[in-house]
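Everything on this sheet refers to the single structure shown next.
Residue numbers (the working numbering), protein chains in the order written: chain D, 51 to 413; chain G, 232 to 614.
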């Protein structure tokens, strides 16, 4: 075994598919995780907020090559030109169903099942020739893709339901947060006939993707990578603000509800009354400190960190534990130091490609 | 996509491979020149405009940007006098645009996983391909330049007749005694010819261009074209030595590429422009004071005469005759005079169809020409 992927979610699947595309046999990849279906965790969250469409665009899928994207596939399947026109205008957003179905096919094609081992890894130890995972190994190349460390629930609302947990809507709903999940919950609750109060500290930014588009490519990334640590951390904090896409699909229902007096805003200082259902659309816990495995890696190897970020090279690898013969890289939200939109599909693929390059270089 | 500058240029050059291959397959220098022009315009726009203005370029932007580049390429093509047939040029541009879209949205993302995240950069292979394309285009242009016919500059007055037997450009100066063209691909420009039986005589040749020449004191024809294809622009023909002279005569050239007489001024000849068994466009000429016919389209010719001004023609202004098929439109014929004989075909006729000819006539202006517009001797005029 040459490679190990710790975690069994979407980022892990992207890495597995990319390694397979690069010619690494499935038998040489071990995937350690708790869910045999890599879409399980994400599927539950998407279903909880009743997400219908992805925020990502046609190339927001987990196959290694961007083409054919989901728009082309949908156009071919439905024999319609509309998805192609929408993607040309950057307005195509695949349905969650299409995305998940495609992810399932990717997992099947890349032999995910042959690599999967049901195990929760608690320790990654650097040893001669690579890394041991809870004593197993050594693996020359390890990618840690454990995902978000948990749901974030503000202390003020200890009994609130989180948006990413299954829930229904009461007659009066208070949604805490102002990002994509919050906006989705506003519309869900309004559609269910509820009266909605939005509790937020700041107004959401309206932008198509999580971060400005140049930060997804080499156009914007080199400048980001050149930032000294303190400024890089400030930059990451600055772009880490709640946002959801612009468009009438979002605005029209809210404007109608406001006109009917069914949607209003509030600041976090006001405590909702007991009969109001509080939904926390506040995302996830942030920082390596909340992830047991990452905490152990940082502690055991005395890795440099900066605030809630582990310091990484531009390709997502941990510099202190990576050299010409071995790689320890992080994927998902933990890789933000390398790629600001690391917790997106584009981020997962960015790290996966860099990881595959390192694996192939040492074959 | 958010392109880097290098990504834009590499993508553009590599995506032009199909268009370059098509241009080379066409075996025409204009095609290579056109691809080079497209690339130069594109790379300049990439560098000076697109990279700064478009941090993110959605796919739909390819349409307006493509139209902008088409307009610029077309304008420069005209300014640089690249002799590309418009239809073929548009087809080549269209194929280049289409292949660029297919490469950028399908082929490159398929072949190189990092294509989008690299901002369109193609890695080592892309740089090599881009360099190869640039080299091929530069080589093509160099070869094009190297095989161009030489240019002969005439200074002062040269005693003729000059006989041209190889492709060349002859420019400037005064030639006494006439010029004879006996080779393809000859260009004569800015030359004054004085005397000679024919001032310029072209035989058995094609792709001959005669531009901005002044012809005087010749004996028979200002320009005589026999079994040849010529483009005659902006000539001045006047003061012949005999009363039997013709301004421009194009004869028996049906087997050659179409000819054109455009923007010439012809004064005081027996016939102004005369065609026989040829295909000629006679356009925007000014013919004054002819003594037989100002413009004669004859002997089974298939010609058109449009936008010409004919003044003071004795007998006939414009005639389509002897089984010819003619389009005659938007001409102005003023002051055609009867030549005194009792012949209705020469009674100051502005436009005439004669002896089994078929003329389609429209939008002409006839002034003070007593013979008007008429068909004679089994011929037809349709309007």
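All residues carry an ideal CB built from backbone N, CA and C; glycine is no exception. The structure displayed is predicted, hence computed values, not measured ones.
When D:350, D:388, D:142 are compared, the shortest CA-CA separation from residue 120 (chain D) is found for D:142. The Cβ atoms of residue 202 (chain D) and residue 348 (chain G) do not sit closer than 7 Å to each other. With contacts defined as CB atoms closer than 7 Å, residue 511 (chain G) and residue 481 (chain G) qualify as a contacting pair. G:350 is the residue among G:350, G:322, G:607 whose C-alpha sits nearest the C-alpha of residue 235 (chain G). The contact set of residue 140 (chain D) on chain G, defined by CB atoms closer than 9 Å, consists of 287, 289, 290, 291 in chain order. Between the stretch 251 to 259 of chain D and the stretch 323 to 335 of chain D, the count of C-beta pairs closer than 8 Å stays below three; the two stretches do not touch. In this structure, residue 74 (chain D) sits away from residue 58 (chain D), with a CB-CB distance that is not shorter than 7 Å. For the pair residue 468 (chain G) and residue 431 (chain G), the CB atoms are not nearer than the 7 Å cut-off. Contact of residue 264 (chain D) with chain G by beta-carbon distance below 8 Å involves 233, 286, 287. The alpha carbon of residue 587 (chain G) has as its nearest neighbour, out of G:557, G:240, G:247, the alpha carbon of G:557. Non-local beta-carbon contacts of residue 173 (chain D) in its own chain, meaning distances under 6 Å to residues more than five positions away in sequence, involve 184, 346 in chain order. Chain-ordered listing is empty here: chain G has no CB closer than 7 Å to the CB of residue 285 (chain D), the nearest sitting near 17 Å. The C-beta separation of residue 60 (chain D) from residue 84 (chain D) comes to about 14 Å, leaving the pair out of contact by the 8 Å criterion.
Boundaries of the beta strand (DSSP E) around residue 383 (chain G): 382 to 384. Taking a Cβ-Cβ threshold of 7 Å, the residues of chain G close to residue 114 (chain D) are 344, in chain order.
For residue 222 (chain D), the closest of D:64, D:243, D:382, D:71 by C-alpha to C-alpha distance is D:243.
The C-beta of residue 94 (chain D) has fewer than 16 other C-beta atoms within 10 Å across all chains shown, which makes the residue exposed. Contact of residue 400 (chain D) with chain G is assigned, a C-beta pair being separated by under 7 Å. Relative to the Cα of residue 182 (chain D), the nearest Cα in the group D:371, D:394, D:269, D:398 belongs to D:371. Three or more beta-carbon pairs drawn from the stretch 297 to 312 of chain G and the stretch 270 to 280 of chain G are found closer than 8 Å, and the two stretches are therefore classed as touching. Here residue 490 (chain G) is actually not in contact with residue 453 (chain G); their C-beta atoms are around 15 Å apart, not less than 8 Å.
Residue 65 (chain D) and residue 55 (chain D) have their C-alpha atoms some 8 Å from each other.
Chain G has a Cβ within less than 7 Å of the Cβ of residue 267 (chain D). Chain-order list of chain G residues neighbouring residue 109 (chain D): 340, 347, by C-beta distance under 8 Å.
Taking 8 Å as the upper bound for CB-CB distance, residue 402 (chain G) and residue 384 (chain G) are in contact here, some 6 Å apart. Under the three-state reduction of DSSP, residue 316 (chain G) is assigned to coil, being neither helix nor strand. A distance below 7 Å separates the beta carbons of residue 214 (chain D) and residue 98 (chain D). Unbroken alpha helix (DSSP H) runs of no fewer than 4 residues, entirely contained in the stretch 250 to 323 of chain D, are found at 271 to 276, 279 to 289, 298 to 309, following chain order. Of the other Cβ atoms in all chains shown, fewer than 16 fall within 10 Å of the Cβ of residue 272 (chain D); this residue is therefore exposed. Within chain D, the C-beta atoms nearer than 8 Å to that of residue 352 (chain G) come from 268, in chain order. Contact of residue 337 (chain G) with chain D by beta-carbon distance below 7 Å involves 117.
Residue 350 (chain D): not part of any beta strand (DSSP E); member of the alpha helix (DSSP H) spanning 342 to 351, first to last residue. Of the residues G:501, G:485, G:283, G:261, the one whose Cα lies closest to the Cα of residue 478 (chain G) is G:501. Boundaries of the beta strand (DSSP E) around residue 481 (chain G): 477 to 482.
Near chain G, meaning a CB-to-CB distance below 9 Å, no residue of the stretch 372 to 386 of chain D qualifies.
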